[in-house]
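S.K.: Residue numbers (the working numbering): 43 to 184.
1) Evaluate contact between the stretch 67-79 and the stretch 129-145, counting only Cβ atoms and requiring at least three cross-stretch pairs below 8 angstroms.
2) Tell me which residues share the same chain as residue 49 and place their Cβ nearer than 8 angstroms to its Cβ, disregarding the 5 neighbours each side in the sequence.
3) Quick one: any contact between the stretch 100-112 and the stretch 51-64, if contact means 3 or more CB pairs under 8 angstroms?
4) Roughly how many angstroms separate the alpha carbons of residue 78 and residue 177, rounded to a whole number?
5) Please give the ranges of any alpha helix (DSSP H) in the stretch 55-118, keeping only runs that are unbroken, at least 4 residues long and fully inside the region.
6) By the three-class DSSP mapping on this structure, what secondary structure does residue 150 have?
7) By the DSSP assignment, the beta strand (DSSP E) with residue 156 in it spans what residues?
8) Near residue 94, what residues of its chain come up, given a Cβ to Cβ distance below 7 angstroms and the 5 sequence neighbours on each side ignored?
9) With H, G and I counted as helix, E and B as strand and the rest as coil, what does DSSP make of residue 139?
10) Roughly how far, in whole angstroms, is the beta-carbon of residue 161 from the beta-carbon of residue 96, given that I think they are within contact range, below 8 angstroms?
11) Buried or exposed for residue 75, please, with buried defined as at least 16 other CB atoms from any protein chain shown within 10 angstroms of its CB.
12) Assuming residue 180 contacts residue 165 (C-beta within less than 8 angstroms), just tell me the rounded distance between them.
13) Applying the criterion that 16 or more other CB atoms from any shown protein chain within 10 Å of the CB defines a buried residue, is residue 214 buried or exposed?
14) Among 80, 67 and 117, which has the Cα closest to the Cα of residue 56?
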């Protein structure tokens, strides 16, 4: 007999958002509720929240340059074992190899690059395909 956990369907949603904090905050809240509904525990939802908030802030401020008329597409698939999120902005992209390592001694006082480092630390898999205006994030439950 299948458990309640096994019976839960994958939650899928695509958000088409303006580069505005209230829209982003609402989308993040819906994703976190879906994570909770799928049975992910607090440490997992913390990692997902932090990573998603950083990715969305980067898309809004760096990718779309703070232009509220530009869009951010957030695609999510969440089940009891895995969370997949894709964040795409309308910016020109960036080369992740050029982002300074925030843990290097010479960069400790530079604010740049910390968000990406946090995302990479908390997610199981991070991919930034060229041209660099799309992040593909995966969190696998251990």
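Even for Gly, the Cβ is constructed at its ideal location relative to N, Cα and C. Note that the coordinates shown come from a computational prediction; the quantities given were computed from them, not determined experimentally.
M.R.: Put simply:
1) Contact between the stretch 67-79 and the stretch 129-145 is absent: fewer than three C-beta pairs spanning the two stretches fall below 8 angstroms.
2) Low local confidence applies: a pLDDT of 49 at residue 49 is under 50, so the model's placement there is unreliable, with the coordinate-based value given in what follows. Taken in chain order, the list of residues that qualify is empty.
3) Result yes; three or more Cβ-Cβ pairs closer than 8 angstroms.
4) Those two C-alpha atoms are separated by around 23 angstroms.
5) Runs found: 63-79 and 84-100.
6) Looking at residue 150 - three-state DSSP - the assignment turns out to be coil, as it is neither helix nor strand.
7) For residue 156, no beta strand (DSSP E) segment is defined; the enclosing uninterrupted segment is the alpha helix (DSSP H) at 156-164.
8) Once the five neighbours on either side are set aside, the close Cβ partners of residue 94 are 70, 73 and 127.
9) Helix at residue 139.
10) Cβ-Cβ separation between residue 161 and residue 96: approximately 5 angstroms, consistent with a contact (criterion under 8 angstroms).
11) The residue in question, residue 75, is exposed, as its Cβ has fewer than 16 Cβ neighbours within 10 Å.
12) In this structure residue 180 is in contact with residue 165, their Cβ atoms being roughly 6 angstroms apart against a cut-off of 8 angstroms.
13) With the chain covering only 43 through 184, there is no way to say anything about residue 214.
14) Measuring from the Cα of residue 56, the nearest candidate turns out to be 117.
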